[in-house]
Amino acid sequence: SLSSRMNEKGKSCRVCRDLNELLSLKPDFLVELASPNAMRELALPTLQNGTSIITLSIGALADSVFYNEVMNTAKLNGTKVYIASGATGGFDVLRTAFLMGNASAKFFNEKNPRALMGTTVYDDSLLNEQKTVFRGNAKEAIELFPTKVNVSVAASLASVGPENMEMTMVSTPGFIGDTQRVEIKNDQVHAVIDVYSATAEIAGWSVVNTLLNIASPIVF
Numbered sequence: 120s121l122s123s124r125m126n127e128k129g130k131s132c133r134v135c136r137d138l139n140e141l142l143s144l145k146p147d148f149l150v151e152l153a154s155p156n157a158m159r160e161l162a163l164p165t166l167q168n169g170t171s172i173i174t175l176s177i178g179a180l181a182d183s184v185f186y187n188e189v190m191n192t193a194k195l196n197g198t199k200v201y202i203a204s205g206a207t208g209g210f211d212v213l214r215t216a217f218l219m220g221n222a223s224a225k226f227f228n229e230k231n232p233r234a235l236m237g238t239t240v241y242d243d244s245l246l247n248e249q250k251t252v253f254r255g256n257a258k259e260a261i262e263l264f265p266t267k268v269n270v271s272v273a274a275s276l277a278s279v280g281p282e283n284m285e286m287t288m289v290s291t292p293g294f295i296g297d298t299q300r301v302e303i304k305n306d307q308v309h310a311v312i313d314v315y316s317a318t319a320e321i322a323g324w325s326v327v328n329t330l331l332n333i334a335s336p337i338v339f
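For the sequence shown, our numbering gives the first residue as 120, with consecutive numbering after it.
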């Protein structure tokens, strides 16, 4: 188990049965890696506990009502929600270009059709031909694919917002991994952040990077 492996390395790791047991330990941070639904369930009680959150399930924040609840709860309790970059990045560039004014942005995702099994857009024809399976905005995308396009919501929250971020998803037979490409333009800046990842490992390391930034006296 994770607990025994950590103990072998001389690190204490306690297994908790539920969120309440975890929060009773009064941790400084909770890392959420489960799903947007899990984020919706745990965010407010965690923040009220005095515990900040690092999340990969940013899709939950596409709901403006929930977003404002999280914002207000964090302010009242002196806590924060840190959005890990996951399988994309460049949030600083996106935010800067947006703050300069008159910005537009779009997000492109390419994946293997098998990654879409169980969704409403999947059919067996995708196994044989490349197809654009979604066009819309990031808010619509996360509603249709709750666990597959969190990065598009993250990029939109850093810039133009979920309802204003154009989103395109392409299914390509035989494609391995994911491509996440975000593009932002204003009157002076044109930036493209293009990230290919063969596995989801980059998302886990983005959480490590976030923790290092929190602890470091010099922050990137």
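Idealized CB from N, CA, C, for every residue including glycine.
Alpha carbon of residue i to alpha carbon of residue j, nearest angstrom
| i | j | result |
| --- | --- | --- |
| residue 246 | residue 253 | 16 Å |
| residue 277 | residue 224 | 11 Å |
| residue 251 | residue 155 | 24 Å |
| residue 170 | residue 244 | 47 Å |
| residue 162 | residue 324 | 22 Å |
| residue 180 | residue 272 | 8 Å |
| residue 310 | residue 217 | 11 Å |
| residue 123 | residue 135 | 14 Å |
| residue 152 | residue 121 | 16 Å |
| residue 189 | residue 237 | 30 Å |
| residue 267 | residue 215 | 26 Å |
| residue 320 | residue 326 | 10 Å |
| residue 164 | residue 147 | 14 Å |
Member of the options whose CA lies at the smallest distance from the CA of residue i
| i | options | result |
| --- | --- | --- |
| residue 232 | 296, 331, 301, 196 | 296 |
| residue 304 | 255, 226, 321, 207 | 226 |
| residue 322 | 229, 235, 205, 239 | 205 |
| residue 157 | 286, 334, 265 | 265 |
| residue 229 | 210, 191, 287, 183 | 287 |
| residue 307 | 326, 234, 221, 338 | 221 |
| residue 262 | 274, 282, 249 | 282 |
| residue 312 | 333, 339, 219, 208 | 208 |
| residue 260 | 248, 239, 210 | 239 |
Which of helix, strand or coil DSSP assigns to residue i
| i | result |
| --- | --- |
| residue 128 | coil |
| residue 225 | strand |
| residue 339 | coil |
| residue 261 | helix |
| residue 189 | helix |
| residue 254 | strand |
| residue 218 | helix |
| residue 194 | helix |
Inter-residue CB distance, residue i and residue j (contact presumed, cutoff 8 Å)
| i | j | result |
| --- | --- | --- |
| residue 269 | residue 176 | 6 Å |
| residue 195 | residue 168 | Their Cβ separation, rounded to whole angstroms, is 12 Å, which puts residue 195 and residue 168 out of contact at 8 Å. |
TODO: Only counting runs of 4 or more residues, tell me where the alpha helix (DSSP H) segments fall wholly within the segment 267–319, in order along the chain.
DONE: 269–276
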